[in-house]
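Chemist:
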Amino acid sequence: MKKFFLPFALFLVVLGFLAVGLNLNPREVPSPLIGKPAPTFSLPVLGKNQLSMGSQDMRGKVWILNVWASWCVACQTEHPLLVEFAKRNSVALLGLNYKDTPQEAAAWLARFGDPYQLSLEDRQGQVGIDFGVYGVPETFVMDRDGIIRFKHIGPLTPEVIEQQIVPLIGQLNA
Amino acid sequence: MLNQSISHRIAVILLFAMGLWASAGQSQSLPPAASGAEKAVEPTARPRSDNPEIEARTAKLAVELRCLVCQNQTIADSDAPLAVDLRNQIRSQLAQGRSESEIRQYMVDRYGEFILYKPPFDAKTALLWIGPFVILAGALVALLLTIRSRRKKIQLEQFSEQELARARQLLDRTTH
């Protein structure tokens, strides 16, 4: 019996590693910015000529930054969820219009609805790079001190919103 | 006998073909996606720097950084818009006088160590780098110990006079 114990134990160890490892998404790149201050930025506001907005304007408030673009098909999946979520008025929701043109962005919002308090025009994607954006959509949650507390990669789902974002906002607002 | 060798050959050919097919499948790059995300339809084209030295340094650094969209390519190889943007970042930062290590740190600050195509050797990755050699050394030691203990076992074997006589008998019989 002892002879069989060691290989079997090793097998269980390997099985354990596989069980964890195979459930991970290898394409997901965790953000090194969680717990760090959100990058400073100053960008024009979509639809408001001449007006620009900066990161310091959001100090003192918990806020969500949703990275979107009119050319992004996956954004259409999450958009209705954002429109619904915005109706709750529980948190400031800002859009980062990534590598887009104002005309197409405005047209897209007119067509699919505008849940955002405002959208920022990141035409060259420089602010996106500062946030570590590598795909669209991505969603960030910032606390009152401007620290990034949460990042979601890919379209939002009801589970992510209800089980991760809503509780976090509750915590941060407390 | 003939049937056996033919079916054996067919099996080898099939296995080889499967191996080729499997490796061909892996070299196809999947469409860039980060859990359902998209890439831009038109990347912004920027004029390249006129400075050949900067171009050369950009290319050199670009090979060391991973494209996060097509994750098995460097940003030098990748056509993804993010790769184009990051190459432009490198170019403009080099033109501003930043050093390669500063630019690398810039990228790691935003994207994490995953963006370094060459895994760095530090406390976290030391296990990955040294691990295989440690395991190899361990296996060799285990092998040597096993051989030694087997040898000892053979030396300690005592044979009775009867067994030795019988052995001589057998040997004499077979070696005329």
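Taken in order, these protein sequences are the chains called A and B.
FYI, this note's numbering numbers position 74 of the first sequence as 161, with every residue one higher than the one before it.
FYI, this note's numbering numbers position 171 of the second sequence as 183, with every residue one higher than the one before it.
We treat Cβ as the ideally placed atom computed from N, Cα and C, and that holds for glycine.
Keep in mind it's a predicted model, so treat the numbers as computed, not measured.
#1: Enumerate, from N- to C-terminal direction, the unbroken beta strand (DSSP E) stretches of 3 or more residues contained entirely within the stretch 144-170 of chain A.
#2: Quick check on this structure: which residue in A:Thr244, A:Glu249 and A:Ile234 has the alpha carbon closest to the alpha carbon of A:Gln163?
#3: Consider the Cβ of B:Ser47: report whether some Cβ of chain A lies at a distance smaller than 8 Å.
#4: Is B:Arg103 close to chain A, meaning its C-beta is less than 8 Å from at least one C-beta of that chain?
#5: Take A:Lys238 and list the residues in its own chain whose beta-carbon comes closer than 6 Å to its own, dropping the five residues that flank it on each side.
#6: Run through DSSP, which three-state label would A:Lys238 get?
#7: In chain B, which residues lie less than 9 Å from A:Gly39 when you measure between Cβ atoms?
#8: Let me check one thing: in DSSP terms, what residues is A:Tyr185 bridge-paired to?
#9: Assuming B:Glu76 contacts B:Tyr129 (C-beta within less than 8 Å), just tell me the rounded distance between them.
#10: In chain A, which residues lie with their C-beta within 7 Å of the C-beta of B:Phe126?
#11: Determine which residues share a DSSP beta bridge with A:Pro131 and list them.
#12: Using a cut-off of 7 Å between C-beta atoms, extract the partners of B:Asp97 located in chain A.
#13: Compare the C-beta of B:Tyr123 against all C-beta atoms of chain A and say whether one is closer than 8 Å.
#14: How would you label A:Ser139, buried or exposed, when you count the other beta carbons within 10 angstroms and need 16 or more for buried?
#15: In three-state DSSP terms, what is B:Arg116?
#16: Any chance the stretch 137-152 of chain A sits against the stretch 150-158 of chain B, with 3 or more Cβ pairs inside 8 Å?
#17: Can you tell me whether DSSP reads B:Leu152 as helix, strand or coil?
#18: Within a Cβ cutoff of 8 Å, which residues of the same chain sit near A:Ala261, ignoring the five residues on either side of it in sequence?
#19: Given 8 Å as the limit, is there contact between the stretch 192-208 of chain A and the stretch 102-115 of chain A, that is, 3 or more CB pairs closer than that?
#20: Assign A:Thr226 to one of three DSSP states: helix, strand, or coil.
#21: For A:Gly219, decide whether its Cβ has a neighbour in chain B, counting only Cβ atoms nearer than 8 Å.
#22: Please report the straight-line C-alpha distance between A:Ala194 and A:Phe104, rounded to a whole angstrom.
#23: Classify A:Arg231 as helix, strand or coil using the three-state DSSP reduction.
#24: Below 6 Å CB to CB, which residues in the same chain sit around A:Gly182 once its five sequence neighbours on both sides are set aside?
#25: How about A:Val223 and A:Tyr185: are their beta carbons less than 8 Å apart?
#26: With a threshold of 16 other CB atoms inside 10 Å of the CB of B:Asn63, please say whether the residue is buried or exposed.
#27: At the level of alpha carbons, what is the spacing between B:Leu139 and A:Lys90?
#28: List the residues of chain B that A:Pro189 touches, going by C-beta distances under 9 Å, in chain order.
#29: For A:Gly141 and A:Pro167, what's the separation of their Cα atoms in angstroms?
#30: Pull up the CB-CB distance for A:Leu255 and A:Arg236, whole angstroms please, since I reckon it's below 8 Å.
#31: How about A:Lys186: is its C-beta nearer than 8 Å to some C-beta of chain B?
#32: Who are the Cβ neighbours of A:Thr127 in its own chain at under 6 Å, not counting the five residues just before and after it?
#33: Alpha carbons only, please: which of A:Val107, A:Gly108, A:Pro131 and A:Ile121 is nearest the one belonging to A:Gly212?
Modeler: Based on what the coordinates show:
#1: 150-155
#2: On the first sequence, position 76 is the one that residue 163 of chain A refers to. Among A:Thr244, A:Glu249 and A:Ile234, the Cα nearest to that of A:Gln163 belongs to A:Thr244.
#3: Locating residue 47 of chain B in the second sequence gives position 35, where the first residue counts as 1. Residue placement at B:Ser47 is poorly supported in this model, since its pLDDT is 43, which falls under 50; the coordinates still yield a value, given next. So, interface residue.
#4: Here residue 103 of chain B refers to the residue found at position 91 of the second sequence. False, the Cβ-Cβ gap to chain A never drops below 8 Å.
#5: The count along the first sequence starts at 1 and reaches residue 238 of chain A at position 151. Excluding residues within five positions, the ones whose Cβ falls inside 6 Å are Ser118 and Phe227.
#6: To locate residue 238 of chain A, count along the first sequence from 1; it is residue 151. Strand, per DSSP.
#7: Here chain A has residues from 88 to 261 only, and residue 39 of chain A is not among them.
#8: Stepping through the first sequence from its first residue, residue 185 of chain A is reached at position 98. A:Tyr185 is bridged to A:Asp209.
#9: Looking up residue 76 of chain B in the second sequence gives position 64. Looking up residue 129 of chain B in the second sequence gives position 117. B:Glu76 to B:Tyr129, Cβ: 5 Å. Contact.
#10: Residue 126 of chain B sits at position 114 when you count from the first residue of the second sequence. Near B:Phe126 (Cβ distances below 7 Å), the residues of chain A are Val116.
#11: Indexing the first sequence from 1 puts residue 131 of chain A at position 44. Partner(s): A:Ser139.
#12: As a position in the second sequence, residue 97 of chain B is number 85, starting the count at 1. Under the 7 Å cutoff, chain A gives Gly212 and Ile216.
#13: Sequence index remark: in the second sequence, residue 123 of chain B carries index 111 (1-based). Yes, its Cβ sits closer than 8 Å to a Cβ of chain A.
#14: On the first sequence, position 52 is the one that residue 139 of chain A refers to. By the 10 Å Cβ count, A:Ser139 comes out exposed.
#15: On the second sequence, position 104 is the one that residue 116 of chain B refers to. Note: B:Arg116 maps to helix in three-state DSSP.
#16: no
#17: The sequence position of residue 152 of chain B within the second sequence is 140, counting from 1. Three-state result, B:Leu152: helix.
#18: Sequence index remark: in the first sequence, residue 261 of chain A carries index 174 (1-based). Excluding sequence neighbours, A:Ala261 sits near nothing in its chain.
#19: no
#20: Counting from one through the first sequence, the residue named residue 226 of chain A turns up at place 139. Strand at A:Thr226.
#21: Reading the first sequence from its first residue, position 132 is the one you call residue 219 of chain A. By this cut-off, A:Gly219 is an interface position.
#22: Your numbering for residue 194 of chain A matches position 107 in the first sequence. Your numbering for residue 104 of chain A matches position 17 in the first sequence. Their Cα atoms are separated by approximately 48 Å.
#23: Here residue 231 of chain A refers to the residue found at position 144 of the first sequence. DSSP places A:Arg231 in coil when its eight states are reduced to three.
#24: The residue given as residue 182 of chain A occupies position 95 in the first sequence. So the list reads Asn153, Trp155, Tyr203 and Ser206, once near-sequence residues are dropped.
#25: Here residue 223 of chain A corresponds to residue number 136 of the first sequence, with the count starting at 1. Here residue 185 of chain A corresponds to residue number 98 of the first sequence, with the count starting at 1. Cβ atoms of A:Val223 and A:Tyr185: closer than 8 Å.
#26: Counted from its first residue, the second sequence places residue 63 of chain B at position 51. Exposed, since its Cβ has fewer than 16 Cβ neighbours within 10 Å.
#27: On the second sequence, position 127 is the one that residue 139 of chain B refers to. On the first sequence, position 3 is the one that residue 90 of chain A refers to. Distance between the alpha carbons of B:Leu139 and A:Lys90 is about 30 Å.
#28: Position 102 of the first sequence, counted from the start, is the residue given in the question as residue 189 of chain A. Residues of chain B passing the Cβ test: none, with the nearest at roughly 15 Å.
#29: For the purposes of this step, residue 141 of chain A is taken as the residue at position 54 of the first sequence. For the purposes of this step, residue 167 of chain A is taken as the residue at position 80 of the first sequence. For A:Gly141 and A:Pro167, the distance between alpha carbons rounds to 27 Å.
#30: Position 168 of the first sequence, counted from the first residue, corresponds to residue 255 of chain A. Position 149 of the first sequence, counted from the first residue, corresponds to residue 236 of chain A. At roughly 6 Å, the Cβ-Cβ gap stays under 8 Å, so A:Leu255 and A:Arg236 are in contact.
#31: In the first sequence, counting from the first residue as 1, residue 186 of chain A sits at position 99. By this cut-off, A:Lys186 is an interface position.
#32: To locate residue 127 of chain A, count along the first sequence from 1; it is residue 40. Correct list, in chain order: Ser142.
#33: Here the question's residue 212 of chain A lines up with position 125 in the first sequence. Of the candidates A:Val107, A:Gly108, A:Pro131 and A:Ile121, the one whose C-alpha sits nearest the C-alpha of A:Gly212 is A:Pro131.
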